[in-house]
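Chemist: After the structure tokens below, expect a handful of questions from me.
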Amino acid sequence: DQQVKQNSPSLSVQEGRISILNCDYTNSMFDYFLWYKKYPAEGPTFLISISSIKDKNEDGRFTVFLNKSAKHLSLHIVPSQPGDSAVYFCATTGGGSQGNLIFGKGTKLSVKP
Amino acid sequence: GAGVSQSPSNKVTEKGKDVELRCDPISGHTALYWYRQSLGQGLEFLIYFQGNSAPDKSGLPSDRFSAERTGGSVSTLTIQRTQQEDSAVYLCASSLAVRVYNEQFFGPGTRLTVL
Chain Y
34 DQQVKQNSPS LSVQEGRISI LNCDYTNSMF DYFLWYKKYP AEGPTFLISI SSIKDKNEDG
94 RFTVFLNKSA KHLSLHIVPS QPGDSAVYFC ATTGGGSQGN LIFGKGTKLS VKP
Chain L
186 GAGVSQSPSN KVTEKGKDVE LRCDPISGHT ALYWYRQSLG QGLEFLIYFQ GNSAPDKSGL
246 PSDRFSAERT GGSVSTLTIQ RTQQEDSAVY LCASSLAVRV YNEQFFGPGT RLTVL
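In order, the protein sequences belong to chains Y and L.
Count along the first sequence starting at 1, add 33, and that's the number in the working numbering.
Count along the second sequence starting at 1, add 185, and that's the number in the working numbering.
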């Protein structure tokens with residue numbers, strides 16, 4: 034059973050508009066969340082993260098929001114640029130001391146000029 | 186500086202053959218992870234190494250899968266008697282340590298196709 038869910042396999046947005054990517058998780062013990070971005074034929078690259086002690090973290094055009102009561106997080110990209118077109122993965126470290134990441138299936142973002 | 190490298194980039198093999206996939210982590214990174222991404226799926230954890238500690242093998246899907254890390258650096262993932270369901274992109278990542286907040290840096294992956 035999936036512990037991290039990204040229910041939208043794809044999203045298409047016009048350049049300059051806001052992109053909102055969503056992620057849900059199942060376990061309220063999860064306490065650290067990350068977004069990774071992946072271009073074709075490349076490995077995922079870290080984008081932004083958030084700890085459960087916060088509800089928002091911002092880095093330039095990227096903002097991640099965390100709603101612990103809903104077990105939901107979202108990544109906002111504004112303004113969206115064509116170079117943002119990629120697959121975005123939501124991930125968590127889980128709630129323990131393990132080092133591996135638990136990933137969602139990803140959302141493919143297409144930003145159209 | 187050099188990132189995580191993996192070889193080969195592509196591997197096509199016949200069902201039943203053994204394959205070895207290689208990962209060179211970033212120099213100085215003590216933690217190394219293997220994941221795989223099957224078609225339409227997210228990244229699935231396989232195994233990780235931290236320094237000289239026993240590896241966490243909890244994600245390995247069967248005993249046909251094994252991994253080694255020699256000298257705390259290069260790692261090899263071996264799949265014996267490959268099956269068609271083993272077809273996936275195998276990704277390696279490294280980080281400074283196995284800690285919750287340490288960023289994992291990924292290699293480009295090895296695309297394995299089992300015919």
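Backbone N, C-alpha and C define an ideal beta-carbon position, used for all residues, glycine too.
Between which residues of its own chain and K154/L is the CB-CB distance below 6 Å, once the five residues before and five after are set aside?
Modeler: Absent from the structure is residue 154/L, since the part of chain L shown begins at 186 and ends at 300.
Chemist: Under the assumption that L307/L contacts E199/L (Cβ atoms under 8 Å), give the Cβ distance between them as a whole number of angstroms.
Modeler: What the structure shows of chain L is the stretch from 186 to 300, and residue 307/L is not part of that stretch, so it cannot be assessed.
Chemist: Residues in the region 232-243 of chain L with C-beta within 9 Å of chain Y's C-beta atoms, listed in sequence order?
Modeler: Cβ contacts with chain Y: I232, Y233, Q235, D241, S243.
Chemist: Any beta carbon of chain Y sitting closer than 9 Å to that of P340/L?
Modeler: It is not possible to answer for residue 340/L, since the shown part of chain L is limited to 186 through 300.
Chemist: Quick one: residues in its chain with C-beta nearer than 8 Å to the C-beta of V259/L, no 5 flanking neighbours on either side, listed in chain order?
Modeler: R207, C208, D209, P210, listed in sequence order.
Chemist: Given a limit of 7 Å on CB to CB distance, which residues of the region 262-282 of chain L reach chain Y?
Modeler: Flagged, chain order: L276.
Chemist: Using three-state DSSP, classify Q269/L as helix, strand or coil.
Modeler: The answer is helix: DSSP assigns Q269/L an H, G or I state.
Chemist: Indicate the three-state DSSP secondary structure (helix, strand or coil) for D203/L in the structure shown.
Modeler: Note: D203/L maps to coil in three-state DSSP.
Chemist: For V274/L, which residues of its own chain have a beta-carbon under 6 Å away from its beta-carbon, when the five flanking residues on both sides are left out?
Modeler: Correct list, in chain order: Q222, G294, R296.
Chemist: I need the straight-line Cα distance from S41/Y to N55/Y, nearest angstrom please.
Modeler: Rounded to the nearest angstrom, the two C-alpha atoms are 8 Å apart.
Chemist: Go through its chain and collect everything with a Cβ distance to T263/L's Cβ below 6 Å, but skip five positions before and after it.
Modeler: Result list for T263/L: E205, S251, in chain order.
Chemist: Can you tell which of N90/Y, K38/Y, F79/Y, E48/Y has its C-alpha closest to the C-alpha of P115/Y?
Modeler: Checked all of N90/Y, K38/Y, F79/Y, E48/Y; the closest Cα to P115/Y is E48/Y.
Chemist: How about G225/L: is its C-beta nearer than 9 Å to some C-beta of chain Y?
Modeler: Taking Cβ atoms only, chain Y reaches closer than 9 Å to G225/L, which makes this a yes.
Chemist: Assuming F95/Y contacts I83/Y under a Cβ cut-off of 8 Å, what Cβ separation, rounded to an integer in Å, is found between them?
Modeler: That pair is no contact at about 11 Å.
Chemist: Taking R221/L as part of the beta strand (DSSP E), name the residues at either end of that continuous run.
Modeler: Run containing R221/L: 216-222, per the beta strand (DSSP E) assignment.
Chemist: Along chain Y, which residues have their Cβ under 8 Å away from the Cβ of A216/L?
Modeler: By Cβ distance, chain Y contributes G132.
Chemist: Could you say if the region 187-194 of chain L and the region 96-109 of chain Y meet the contact criterion of at least three C-beta pairs nearer than 8 Å?
Modeler: The answer is no - the region 96-109 of chain Y does not touch the region 187-194 of chain L, with fewer than three Cβ pairs under 8 Å.
Chemist: Looking at the structure shown, is D34/Y part of a helix, part of a strand, or coil, going by DSSP?
Modeler: Note: D34/Y maps to coil in three-state DSSP.
Chemist: Grab me the residues of A119/Y's own chain with a C-beta within less than 7 Å of its C-beta, minus the 5 sequence neighbours each way, in chain order.
Modeler: Contacts found: K70, K71, Y72, L142.
Chemist: Relative to the C-alpha of Y65/Y, which residue among Q39/Y, D88/Y, Q35/Y, G139/Y is closest?
Modeler: The shortest Cα separation from Y65/Y among Q39/Y, D88/Y, Q35/Y, G139/Y belongs to D88/Y.
Chemist: Reducing DSSP to helix, strand and coil, say where D248/L ends up.
Modeler: Looking at D248/L - three-state DSSP - the assignment turns out to be coil, as it is neither helix nor strand.
Chemist: Excluding the 5 residues flanking D203/L on each side, which residues of the same chain have their C-beta closer than 8 Å to its C-beta?
Modeler: Excluding sequence neighbours, D203/L sits near T263, I264, Q265, R266, T267.
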